[in-house]
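In this note's numbering, the protein residues as written are 731 to 986.
Note that the Cβ used here is the ideal one computed from N, Cα and C, for glycine as well.
Quick caveat: nothing in here was measured; it's all calculated off a predicted structure.
Below: one structure, written as structure tokens.
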Amino acid sequence: MEMQQKVVLVTGGSSGVGQATAVVFGRQGIRVIVTGRNSKGLDETVEHVRQAGGVAQKITADISEPNDIQRMIEQALAVYGQLDILVNNAGTQGEVAPLVDQRLASFQEVFDTNVRSVFLCMKYAIPHLLNQRGAIVNIASGGGLVGVPGASVYCASKHAVIGMTKVAALDYATAGLRVNAVCPGGVDTPMLQRFFESIPDPDARRQAREEFNATHPIGRIAKPEEVAAAVVFLCSPDAAFITGTTLSVDGGYVAH
Ligand SMILES: NC(=O)c1ccc[n+]([C@@H]2O[C@H](COP(=O)([O-])OP(=O)(O)OC[C@H]3O[C@@H](n4cnc5c(N)ncnc54)[C@H](O)[C@@H]3O)[C@@H](O)[C@H]2O)c1
């Protein structure tokens, strides 16, 4: 019942993990605000939430733009008159190349999207989240815990998200706000599909997929709903004593 009084904001909610997370929150009766750049995708998410029996509203915003983030948080507060849970999910994978070949422009884009946005979303939202048994979940990655060849910039950005998560958890531990990170391994979403589609040869693409699946001890990658379930758990009263942690949802990817 306590969860059903809550309002959640999910960034990057137009596809993948963000969309699945919005639907799982909505199914549990939590009012949902989904944000992102892709208005059509956000409409689709709102519809999925409604079909699951929930309520949702969308706010279009580019989280690589600081002014957009401030506006987004202000609008989100106005939608249902409160905000209790923030899921910083939006992210970009950047370039896959050895470090020397990574472009400065791509570094900037990845850090603006994956790190600065998490900092600013928390900075603007936290004053409204204190003392209401709310929670923040930042979506990091297995690449925030271990290195992934060819992904130096992405891994650096996700390591940064984990560091920021730990300190935010410490800063607000006595103020009624918990802050945690979820570290997915491979998840079957448009982001991962884009990655494989960038391999032109179909045989090489198939082999890359098989090899990637095999790096997950369970033998497959995740469905977005499996990551969403962990996010919702961390925001629930069942996780009342969990803060500052990183929860891997990766089929054992970082365990070996
Ligand atoms: N798919 C994986 O294998 C995987 C693995 C580990 C971590 N993750 C993380 O999970 C999160 C969700 O990714 P996904 O796999 O669902 O991919 P996705 O591409 O489906 O979702 C990413 C979302 O972020 C949004 N986004 C990107 N840049 C944005 C911007 N500037 N402004 C607003 N929205 C923006 C996209 O529109 C999209 O909705 C990301 O943070 C990603 O790094 C994904």
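For the putative contact between residue i and residue j, defined by C-beta atoms under 8 Å, what is the C-beta separation to the nearest angstrom?
i, j, result
"residue 868", "residue 891", "5 Å"
"residue 847", "residue 820", "6 Å"
"residue 957", "residue 875", "Actually they are not in contact, since the Cβ atoms of residue 957 and residue 875 sit about 15 Å apart, beyond 8 Å."
"residue 791", "residue 765", "5 Å"
"residue 762", "residue 747", "Wrong, their Cβ atoms sit about 14 Å apart, outside the cutoff."
"residue 823", "residue 733", "About 32 Å separates the two Cβ atoms, so there is no contact after all."
"residue 859", "residue 907", "5 Å"
Nearest to residue i by alpha carbon, out of the options?
i, options, result
"residue 737", "748, 755 and 747", "755"
"residue 971", "863, 815, 894 and 857", "863"
"residue 849", "817, 780 and 826", "817"
"residue 895", "909, 902, 885 and 887", "909"
"residue 739", "784, 732, 789 and 928", "789"
"residue 944", "959, 982 and 919", "982"
"residue 912", "962, 832 and 919", "962"
"residue 898", "854, 952 and 842", "854"
"residue 839", "734, 793, 879 and 813", "793"
Would DSSP call residue i helix, strand or coil?
i, result
"residue 826", "coil"
"residue 964", "helix"
"residue 944", "helix"
"residue 935", "helix"
"residue 775", "helix"
"residue 785", "coil"
"residue 751", "helix"
Those runs of the alpha helix (DSSP H) which lie wholly inside the region 842-880 and span at least 4 residues: 847-859
In the region 883-914, which residue ranges form an unbroken alpha helix (DSSP H) of at least 4 residues, counting only runs that do not cross its ends? The qualifying runs do not exist here; there are none.
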